[in-house]
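Chemist: Using the working numbering, the first residue of the sequence shown is number 9, and each one after it goes up by one. Just so you know, even glycine gets a beta-carbon here, dropped at the ideal spot from N, CA and C. Here's a structure for you.
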Amino acid sequence: EIEGYRTDVKTINTSLLATDWYIDQMKRKTYESDPIPSQMTHSVYAYGNRDYIKHEPILDSVRWDIKDFVNWVASDHPRTKYRSLLEQAGDDPRRLPKSTQEMVFYPTNKIRVNVNKGNVLKSGIVKPEDQELIVPFIDIDLPEGGMTKNQIMMLDILANNDWERPIYFTGGSYAEAEYIWMKDYLQLEGLVYKLVPIKTPQNKENPYLMGRLDTDLMYNIVMNWSWGNSESPDIYHDIETRKNSISFRSNMARLADQLILEGKKEKAKNILDLAMQKMPLDYFGYYSLLVPFVDAYYRLDDTVSAQNLAQKVAFKYRDELEYFGSLTRNEQYMMGEEIITQVERYRTLMEAVLVHEDKMLLKTEVDAFIGAVAPFKNLYGDYDYYTSLTDFVEGYYKAGQSTKAESLVESIVTQYEARFAMIAQLSQNNKNILIDRIKGEILDFQELIFRVEYQGATDFAKGLQARFDQSMEQFEIEEEDLENQ
């Protein structure tokens with residue numbers, strides 16, 4: 009507004025949409041932006057009216073057209089009020105407050121939004137080349153409890169827009185209601201999500217990755233962002249500025265990933281480099297968000313960039329852990345959650361290096377990681393600490409450091425042996441309680457042996473197998489003793 013940029017866009021604060029004065033503002037033209045498409049008049053949404061409406065499943069098997077639904081909700085006909093339900097049930101409505109009697113209810117939470125394909129294409133919501141992906145309608149399941157005024161108004165806008173104007177959501181929240189219960193029909197464009205009549209099922213592995221991506225469109229948007237002096241060393245990067253990098257980095261990493269999958273490697277590299285240039289690591293923090301960038305650089309065979317970034321992030325983690333290491337034991341326990349969080353974020357970074365088998369980096373960084381986290385063994389306990397290092401056995405082997413690998417294996421196996429020896433002394437009832445965990449730990453021990461054998465250390469693996477068998481015999485002897493009783 010101050011810059012006079014895109015004054016044709018109507019920006020809506022959905023929280024304020026619960027107030028009548030704000031709705032009134034939205035129903036007026038501002039600059040070049042037309043009023044919101046809405047059929048509800050002021051008396052319908054005035055203070056105290058429809059602040060909350062309740063669902064009563066009278067027509068639960070019926071799916072209403074959204075326009076019929078809004079007509080019902082906006083109506084003051086007696087049949088739409090809670091009082092009529094009580095009277096039909098033979099109940100006396102006077103036992104309830106008048107506000108409850110006058111509350112509007114909705115008889116079904118199942119509605120359908122029909123798609124006007126002509127308007128969708130005319131307004132540019134979907135590109136002509138994607139028109140075959142357009143669905144004829146979108147079914148929405150509304151809350152079974154009830155809805156607030158701002159949610160009602162969002163449905164009012166949706167019903168009366170008829171796909172003539174694009175609707176965007178700013179993101180930042182993952183609640184279904186924030187996207188009018190249509191999270192399967194979003195398209196990420198820069199920092200916002202556009203409502204599109206193209207179904208994109210939610211990502212089961214990562215539900216935070218919402219919507220589809222048009223990589224060419226989003227690439228052009230991102231490459232034309234105005235960054236101001238974000239990379240300047242002469243300004244103070246305050247906490248809010250740094251927080252904003254969360255969305256920028258996440259969306260740029262997602263775009264780069266999709267570009268790589270589509271074989272557009274040069275564009276992916278441009279996006280990664282832009283993010284690193286405009287949001288320097290030293291100024292923006294949030295180092296865990298840079299792991300996808302390390303991974304993407306490796307996938308682009310840009311090993312130098314991947315190594316440089318990984319080393320810089322690793323240094324930041326070590327620097328923080330060094331500070332935590334300077335604290336007293338009691339202070340470390342008090343800050344245990346924060347310390348463990350940093351350790352695990354550092355571990356995630358190292359796992360990215362391991363996955364891409366960067367032998368050069370593994371030669372130095374595995375030792376650096378273990379050295380940095382060793383002072384906090386007390387926060388994990390010996391067993392959890394050493395077994396959590398299992399992946400780094402492979403890292404040592406790939407770096408050609410078999411002696412270090414075998415030394416680490418010895419430390420891990422010693423913990424398994426002590427663990428199983430302790431469990432073997434328990435009563436059978438206690439063993440039964442722990443049986444699922446015991447099975448998992450036995451499989452972990454076996455997997456460690458397989459990893460060693462896979463790396464070609466056959467003789468060492470045979471020795472480990474013998475120790476494994478010996479540990480398992482303790483359980484067999486115990487079971488035989490129980491059977492003889």
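Should Asn127 and Glu197 be called a contact, given that it needs their Cβ atoms to be closer than 8 angstroms?
Modeler: The sequence position of residue 127 within the sequence shown is 119, counting from 1. The sequence position of residue 197 within the sequence shown is 189, counting from 1. No, the Cβ-Cβ distance between Asn127 and Glu197 is not below 8 angstroms.
Chemist: What are the boundary residues of the beta strand (DSSP E) that Ser202 is part of?
Modeler: Here residue 202 refers to the residue found at position 194 when the sequence shown is read from its first residue. Checking the displayed sequence, the identity of residue 202 turns out to be Lys instead of Ser. First-last of the beta strand (DSSP E) with Lys202: 200 to 203.
Chemist: Using the beta-carbon count (16 or more within 10 Å), is Tyr306 buried or exposed?
Modeler: Numbered from 1 along the sequence shown, position 298 holds the residue referred to as residue 306. Tyr306 is buried by the Cβ-count criterion.
Chemist: With C-beta atoms as the reference, is Leu362 less than 8 angstroms away from Asp399?
Modeler: Numbered from 1 along the sequence shown, position 354 holds the residue referred to as residue 362. Numbered from 1 along the sequence shown, position 391 holds the residue referred to as residue 399. Yes, the pair counts as a contact, with Cβ atoms nearer than the cut-off.
Chemist: Given this structure, state the Cα-to-Cα distance separating Leu93 from Thr108, to the nearest angstrom.
Modeler: Your numbering for residue 93 matches position 85 in the sequence shown. Your numbering for residue 108 matches position 100 in the sequence shown. Rounded to whole angstroms, Leu93 to Thr108 spans 11 angstroms at the Cα level.
Chemist: Just to confirm, are Thr15 and Ser41 a CB contact at a threshold of 8 angstroms?
Modeler: As a first step, residue 15 is located in the sequence shown; it is residue number 7 there, counting from the start. As a first step, residue 41 is located in the sequence shown; it is residue number 33 there, counting from the start. Yes, Cβ-Cβ distance for Thr15 and Ser41 is below 8 angstroms.
Chemist: Which class does Asn122 belong to by DSSP, given the choice of helix, strand or coil?
Modeler: Locating residue 122 in the sequence shown gives position 114, counting from the first residue. Strand.
Chemist: If Gln350 and Glu330 are in contact, beta carbons under 8 angstroms, what's the gap, nearest whole angstrom?
Modeler: What you label residue 350 is simply residue 342 of the sequence shown in a count that begins at 1. What you label residue 330 is simply residue 322 of the sequence shown in a count that begins at 1. Approximately 11 angstroms separates the beta-carbon atoms of Gln350 and Glu330; this is outside 8 angstroms, ruling out the contact.
Chemist: In whole angstroms, what separates the C-alpha of Gly236 from that of Lys324?
Modeler: If you number the sequence shown from 1, residue 236 lands on position 228. If you number the sequence shown from 1, residue 324 lands on position 316. Answer to the nearest angstrom: the Cα atoms are 26 angstroms apart.
Chemist: Mark Phe458 as exposed unless 16 or more other C-beta atoms lie within 10 angstroms of its C-beta, in which case mark it buried.
Modeler: As a position in the sequence shown, residue 458 is number 450, starting the count at 1. Exposed, by the Cβ-count rule.
Chemist: For Asp164, tell me which candidate among Pro43, Gly180, Phe476 has the shortest Cα-Cα distance.
Modeler: Here residue 164 refers to the residue found at position 156 of the sequence shown. If we check each option's Cα against that of Asp164, Pro43 comes out closest.
Chemist: Going by alpha carbons, who is nearest to Glu152 out of Tyr295, Met430, Ala380, Glu64?
Modeler: By 1-based counting over the sequence shown, the position of residue 152 is 144. With distances taken between Cα atoms, Glu152 lies closest to Glu64.
Chemist: Considering Phe145, what are the terminal residues of the alpha helix (DSSP H) in which it resides?
Modeler: Indexing the sequence shown from 1 puts residue 145 at position 137. It is not in any alpha helix (DSSP H) - Phe145 instead sits in the beta strand (DSSP E) that spans 145 to 149.
Chemist: How many Å lie between Pro115 and Asn21 at the Cα?
Modeler: In the sequence shown, residue 115 corresponds to position 107, counting from 1. In the sequence shown, residue 21 corresponds to position 13, counting from 1. In a straight line, the C-alpha of Pro115 is about 28 angstroms away from that of Asn21.
Chemist: May I ask you to list the residues that DSSP assigns as paired with Tyr60?
Modeler: Stepping through the sequence shown from its first residue, residue 60 is reached at position 52. Answer is Thr156.
Chemist: Given that a residue counts as buried once 16 or more other Cβ atoms are within 10 Å of its Cβ, and exposed if not, what is Tyr341?
Modeler: Position 333 of the sequence shown, counting from 1, holds the residue named residue 341. Tyr341 should be labelled exposed.
Chemist: So is Ile119 buried or exposed if we call it buried at 16+ other beta carbons inside 10 Å?
Modeler: Residue 119 sits at position 111 when you count from the first residue of the sequence shown. Its Cβ being crowded by 16 or more others within 10 Å, Ile119 is buried.
Chemist: Roughly how many whole angstroms lie between the Cα atoms of Lys529 and Lys273?
Modeler: In the structure as shown, the chain begins at 9 and stops at 493. Residue 529 is therefore absent and cannot be evaluated.
Chemist: What is the DSSP secondary structure of Gln210, counted as helix, strand or coil?
Modeler: Numbered from its first residue, the sequence shown carries residue 210 at position 202. Gln210 falls in the coil class under three-state DSSP.
Chemist: Beta carbon of Ile142, beta carbon of Lys130: below 8 angstroms?
Modeler: Position 134 of the sequence shown holds residue 142. Position 122 of the sequence shown holds residue 130. Contact flag unset, no.
Chemist: For Pro209, which residues of its own chain have a beta-carbon under 8 angstroms away from its beta-carbon, when the five flanking residues on both sides are left out?
Modeler: As a position in the sequence shown, residue 209 is number 201, starting the count at 1. Only Asp192 meet the Cβ criterion.
Chemist: Find the nearest neighbour of Pro105 within the set Tyr90, Ile148, Val381, Asn117, judged by alpha-carbon distance.
Modeler: As a first step, residue 105 must be located in the sequence shown, where it is residue number 97. Among Tyr90, Ile148, Val381, Asn117, the Cα nearest to that of Pro105 belongs to Tyr90.
Chemist: Under the rule that 16 or more other beta-carbon atoms within 10 Å means buried, what is Gly219, buried or exposed?
Modeler: The sequence position of residue 219 within the sequence shown is 211, counting from 1. Burial call: buried.
Chemist: Do you know how far the Cα of His50 is from the Cα of Asp32?
Modeler: For the purposes of this step, residue 32 is identified with residue 24 of the sequence shown, where counting begins at 1. For the purposes of this step, residue 50 is identified with residue 42 of the sequence shown, where counting begins at 1. The straight-line gap from Cα to Cα measures roughly 7 angstroms.
Chemist: Whether or not the stretch 280 to 288 and the stretch 238 to 254 are in contact is what I'm after, with contact meaning three or more pairs of Cβ atoms, one per stretch, closer than 8 angstroms; do they touch?
Modeler: yes
Chemist: Which full runs of the alpha helix (DSSP H) of 4+ residues lie inside the stretch 216 to 242, going along the chain?
Modeler: 223 to 231
Chemist: According to the neighbour-count rule (16 or more other Cβ atoms, all chains shown, within 10 Å of its Cβ), is Asn338 buried or exposed?
Modeler: One-based indexing of the sequence shown puts residue 338 at position 330. Its Cβ having fewer than 16 others within 10 Å, Asn338 is exposed.
Chemist: Any heavy atom of the ligand PLP inside 7 angstroms of the beta-carbon of Gln159?
Modeler: Summarising the ligand content, the structure contains no ligands, and the ligand PLP is consequently not present.
Chemist: Is it buried or exposed, Trp29, if we count other Cβ atoms within 10 angstroms and call 16 or more buried?
Modeler: As a working note, residue 29 is residue 21 in the sequence shown. So Trp29 counts as exposed.
Chemist: With three or more C-beta pairs closer than 8 angstroms as the rule, is the stretch 225 to 233 touching the stretch 263 to 277?
Modeler: yes
Chemist: So within the stretch 289 to 330, which uninterrupted alpha helix (DSSP H) runs reach at least 4 residues, ignoring any that extend past its ends?
Modeler: 289 to 292, 299 to 307
Chemist: Taking the beta strand (DSSP E) that Leu196 falls in, what are its first and last residues?
Modeler: Here residue 196 corresponds to residue number 188 of the sequence shown, with the count starting at 1. Element bounds for Leu196: 194 to 197.
Chemist: From Asp366, Gly403, Gly333, pick the residue whose C-alpha is nearest to that of Ala380; which is it?
Modeler: Translated into positions along the sequence shown, residue 380 becomes position 372. Measuring from the Cα of Ala380, the nearest candidate turns out to be Gly333.
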